[in-house]
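In what follows, a structure is listed as structure tokens, so that the remarks can point back to it.
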Ligand code: SF4
Ligand code: MG
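Residue numbers (full-length UniProt numbering): 16 to 348.
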């Protein structure tokens, strides 16, 4: 079956202005040549430090930000050619972290949930909204005529989920959607998302800085660093063995990591480099203790591991022909 979403060589940069005349001083390559696919019904988790391009990728996927290059192919149709933006915006819905900022404070919960359906001219937006509220665990008789400020953070996030589902999306992009919630509420919302995925046959892209949350909900995990994909793998494979030194550092920084799976990689030191002038070669070389000469000059390509082609990594250590002194040996344990 063809993937529901194919992203090819996606690129986005933002000009950086400075000085009293506000002249362009350079550009930040927020997303640089990103490639991935999402199958129908699966959840792809995207992880990485803040500023790595996760949120920009999400915004490109729903057309909130316009790409500079590359292709977004949704359900077999390329955005901008066979697929008009308005169709993409209906087929792909997004749920953000800040449940309060995304709701209009002057609209009742019912009107918020029905809003998109009304704009799209769908039949019976009100009864649709009531049934979606019911489905996310908000009794419409109790909540329909309340306002966002009268709800808890978890209830507001349920409203956002109901609002997204009312549009009958195929793909839902969740950007730090449970990150602001207390742990117990977070677990409830994650369970709800799992149930809804099943019930409506949804596909998710789940962006989070919390690896445990991503593990719980995802089938595959994609790791980004400075606008690039450095590793992508089925969740069990990457939990078993992180192949990229950056991924290893991310995982070893997890307080609850099972000691058997804990890597020897030290946690990340320092801040990511300035994205206006990213390092040449492998962008991670300034923070990687395995870096060698070739890492500073040559960009590693994303390729499958010999024992598991579905586990892809961009690092010279895993490429027997890269010229790295330990080429082909993988990351030393
Ligand atoms: Fe480290 Fe080199 Fe691999 Fe980059 S390519 S992660 S610098 S070993
Ligand atoms: Mg973000």
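Where a beta carbon is used, it is the ideal one built from N, C-alpha and C, also for glycine.
Where does residue 240 fall in DSSP's three states? Here residue 240 corresponds to residue number 225 of the chain shown, with the count starting at 1. In the structure shown, residue 240 sits in a strand (DSSP, three-state: E or B).
If you scan the region 156-181 from start to end, which runs of the alpha helix (DSSP H) of 4 or more residues do you find wholly inside it? 168-180
Can you tell which of 188, 304 and 168 has the C-alpha that lies nearest to the C-alpha of residue 199? Here residue 199 corresponds to residue number 184 of the chain shown, with the count starting at 1. For residue 199, the nearest C-alpha among the options comes from 168.
Going along the chain, which unbroken runs of the alpha helix (DSSP H) with 4 or more residues stay wholly within the region 274-307? none
Element boundaries [alpha helix (DSSP H), containing residue 255]: Indexing the chain shown from 1 puts residue 255 at position 240. First-last of the alpha helix (DSSP H) with residue 255: 250-255.
Quick check: does the Cβ of residue 315 come within less than 6 Å of any heavy atom belonging to the ligand SF4? Walking along the chain shown from the start, residue 315 turns up at place 300. Checking the Cβ of residue 315 against the ligand SF4 gives yes.
Confirm the yes/no value for this check: CB of residue 67, any heavy atom of the ligand SF4, distance under 6 Å. Along the chain shown, one-based indexing puts residue 67 at 52. No; taking the cut-off as 6 Å, the Cβ of residue 67 has no heavy atom of the ligand SF4 nearer than that.
Between the Cα of residue 350 and those of 190, 240 and 76, spot the shortest distance and give me the residue it belongs to. Since the first and last residues shown for the chain are 16 and 348, residue 350 lies out of range.
Residue 326: CB within 6 Å of a non-hydrogen atom of the ligand SF4: Reading the chain shown from its first residue, position 311 is the one you call residue 326. False, no ligand heavy atom lies under 6 Å from that Cβ.
Once the 5 residues before and after residue 40 are set aside, which same chain residues still bring their CB inside 6 Å of it? Here the question's residue 40 lines up with position 25 in the chain shown. So the qualifying residues of the chain are 31 and 33.
For residue 338 and residue 171, what's the separation of their Cα atoms in angstroms? The count along the chain shown starts at 1 and reaches residue 338 at position 323. The count along the chain shown starts at 1 and reaches residue 171 at position 156. Going by the C-alpha atoms only, they are around 53 Å apart.
Does the Cβ-Cβ distance between residue 137 and residue 127 come in under 7 Å? Translated into positions along the chain shown, residue 137 becomes position 122. Translated into positions along the chain shown, residue 127 becomes position 112. Result no, Cβ atoms of residue 137 and residue 127 do not sit closer than 7 Å.
Tell me the start and end of each unbroken alpha helix (DSSP H) in the region 50-128 that is at least 4 residues and wholly inside, in chain order. Listed in chain order, the complete alpha helix (DSSP H) runs (minimum 4 residues) inside the region 50-128 are 69-76 and 100-106.
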